[in-house]
Amino acid sequence: AGHATIAAALDEPYAEVPTGMNFAAALLLARARRYLLHCAAVADENGGVWLLAGDSHAGKTTTALGLARAGWTLLADDHLILGRAGGAWVVEGWPRTPHVDAGWTAGRLTGQLVTLSPANAPALRRGAHPLCSVLLPHVAPLATRSGITRASHADALAMVVRQTAWSLLDPVAARTALGDLAEATQVAAYA
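The opening position of the sequence shown corresponds to residue 26 in the numbering used here, with each subsequent residue numbered one higher.
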């Protein structure tokens, strides 16, 4: 029901404009009890959304794209919105073209990020979908295979808070935001 005007100095480096816009969007969304998270999200065959929360280079995009390649549906690879709809926690993608390691398609790491062409990127599902689990990916470069174990709700909350710190900077929204994130992360959690 409200609006905001956000201005960006065009003489600043371009890289700062998206960061500033994300920051402003996160603050505005938090006032509406919706949270911009630096996370990926995929939907399983039943439509339940798995939120992939991790720091930069933790493997969010790689895991999300790998699951999409295996038949899951990609909602977002880098940013999403977490909010409520009808009393349930839902996830909505914040669309962008995925950025992955240049060796992703060949199954080897190069350390160089590239933007997938639309022809090589899975289609993103639009709309809000119910949250069912939190996955905390972690890259283990010397591992020979992937594994999954249960994670605590505290670990899930800690990582989700790290990925939405912007929402906690606003003293008006911070207390509510922390309570909402704690409630949302009471779903099954895995690492």
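Where is the CB? At the ideal position from N, CA and C, for every residue including glycine.
Predicted, not measured: the structure shown is a model, and the values here were computed from it.
Exposure of residue i, with buried meaning 16 or more beta-carbon neighbours within 10 Å
i    : result
E70  : exposed
D80  : exposed
A20  : For the chain, the structure presents residues 26 to 216; residue 20 sits outside this window and is missing.
I106 : buried
R187 : exposed
S192 : buried
H104 : buried
H93  : The amino acid at residue 93 is misidentified as His; the sequence shows Ala. Burial call: buried.
A198 : buried
L194 : exposed
T174 : exposed
L138 : exposed
G72  : exposed
Whole-number beta carbon distance between residue j and residue i, since they are thought to touch under 8 Å
i    : j    : result
T88  : P155 : Between P155 and T88 the Cβ distance is about 20 Å, and since that is not below 8 Å, they are no contact.
W119 : A101 : 6 Å
A3   : Y215 : The chain is shown from 26 up to 216; residue 3 falls before or after that span and cannot be answered.
R56  : D205 : That pair is no contact at about 12 Å.
A213 : S158 : 5 Å
For residue i, three-class secondary structure by DSSP
i    : result
D103 : coil
Y200 : Looking at the sequence shown, residue 200 is not Tyr but Arg. If DSSP states are grouped into helix, strand and coil, R200 belongs with the helices.
G108 : strand
W97  : coil
V164 : coil
D195 : coil
G238 : Because the chain spans 26 through 216 in this model, residue 238 falls outside it and cannot be assessed.
A55  : helix
G152 : coil
A216 : coil
T140 : strand
A113 : strand
G118 : strand
Within 8 Å, strictly: CB atoms of residue i and residue j
i    : j    : result
T189 : L77  : no
V116 : A153 : yes
A202 : Y60  : yes
W75  : A83  : no
L90  : V125 : yes
T135 : A127 : yes
A50  : W97  : no
T210 : L167 : no
3-residue-minimum beta strand (DSSP E) runs that sit fully inside the segment 64–91, ordered along the chain: As far as the segment 64–91 is concerned, its whole beta strand (DSSP E) runs of at least 3 residues are 64–68 and 74–78.
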